[in-house]
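Novice:
In the numbering used here, the protein residues as written are 23 to 207.
1) Taking the straight line between their C-alpha atoms, what separation do you get for residue 107 and residue 177?
2) If you reduce the DSSP assignment to three classes, tell me which class residue 93 lands in.
3) Take the Cβ of residue 84 as the centre, count every other Cβ of all protein chains shown within 10 Å, and call the residue buried at 16 or more, exposed below.
4) Within the continuous alpha helix (DSSP H) that includes residue 128, where are the two ends?
5) How about residue 167 and residue 128: do their beta carbons lie closer than 8 Å?
6) Ends of the alpha helix (DSSP H) at residue 171?
7) What is the DSSP secondary structure of residue 206, counted as helix, strand or coil?
8) Would you list the residues sitting across from residue 80 in a DSSP beta bridge?
9) Out of 202, 172, 205, 204, which one is the CA nearest neighbour of residue 191?
10) Check whether the stretch 104-121 touches the stretch 68-84, counting contact only when three or more Cβ pairs, one atom from each stretch, lie closer than 8 Å.
11) Do you know offhand how far residue 140's Cα is from residue 87's?
12) By DSSP's criteria, residue 104 is part of a beta bridge. Which residues make up the other side?
13) If I follow the unbroken alpha helix (DSSP H) through residue 74, where does it start and stop?
14) Taking only three categories from DSSP, how would you classify residue 98?
15) CA-CA distance, residue 185 and residue 175?
16) My output table needs one value for residue 88: the three-state DSSP class, helix, strand or coil.
Shown next, in the form of structure tokens:
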């Protein structure tokens with residue numbers, strides 16, 4: 023199962039900001055960017071389940087979207103990230119490789135939707151003077167599609183317990199990631 027969160031930082035500045043005295047930035051959440059070279063391991067899951075949690079594990083992922091306008095030119099950054107401090111496994115010593123594959127696929131689906139959003143942002147010509155509501159609508163639709171697919175994945179695979187459906191989803195997500203390789207980071 024995955025926890026859905028979406029970070030949207032809208033920087034719609036059209037003129038350079040006046041020089042300011044540097045201030046200490048707020049600490050950022052620890053995150054792991056999605057990478058084909060860096061699959062998740064149980065040691066990445068740093069949080070603990072509550073007594074009410076019934077799942078064996080929970081993956082917290084995020085699509086981090088940052089946009090800006092400089093001299094009326096739109097730019098964006100979209101990243102799929104894993105949040106270790108919000109993700110947990112009930113007992114890593116007893117957790118199966120199949121469960122880890124299920125959780126990894128949640129992260130892969132997050133990357134899939136990040137690629138889809140990157141694709142949309144390259145296809146849609148956003149006007150920096152009138153960024154909203156077009157940008158807001160685009161990101162809300164992207165988040166909604168991601169959330170629906172994550173829920174459908176857990177439902178169809180019974181949280182990874184249906185091995186046949188799990189293999190089907192793994193194959194389909196890999197095909198779709200390959201189709202969008204031009205939008206990988």
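Even for Gly, the Cβ is constructed at its ideal location relative to N, Cα and C.
Specialist: The relevant details are as follows:
1) 25 Å
2) coil
3) buried
4) 119-145
5) no
6) 156-179
7) coil
8) 110
9) 172
10) yes
11) 9 Å
12) 54, 83
13) From DSSP, residue 74 is part of no alpha helix (DSSP H); its letter is neither H nor E.
14) strand
15) 12 Å
16) strand
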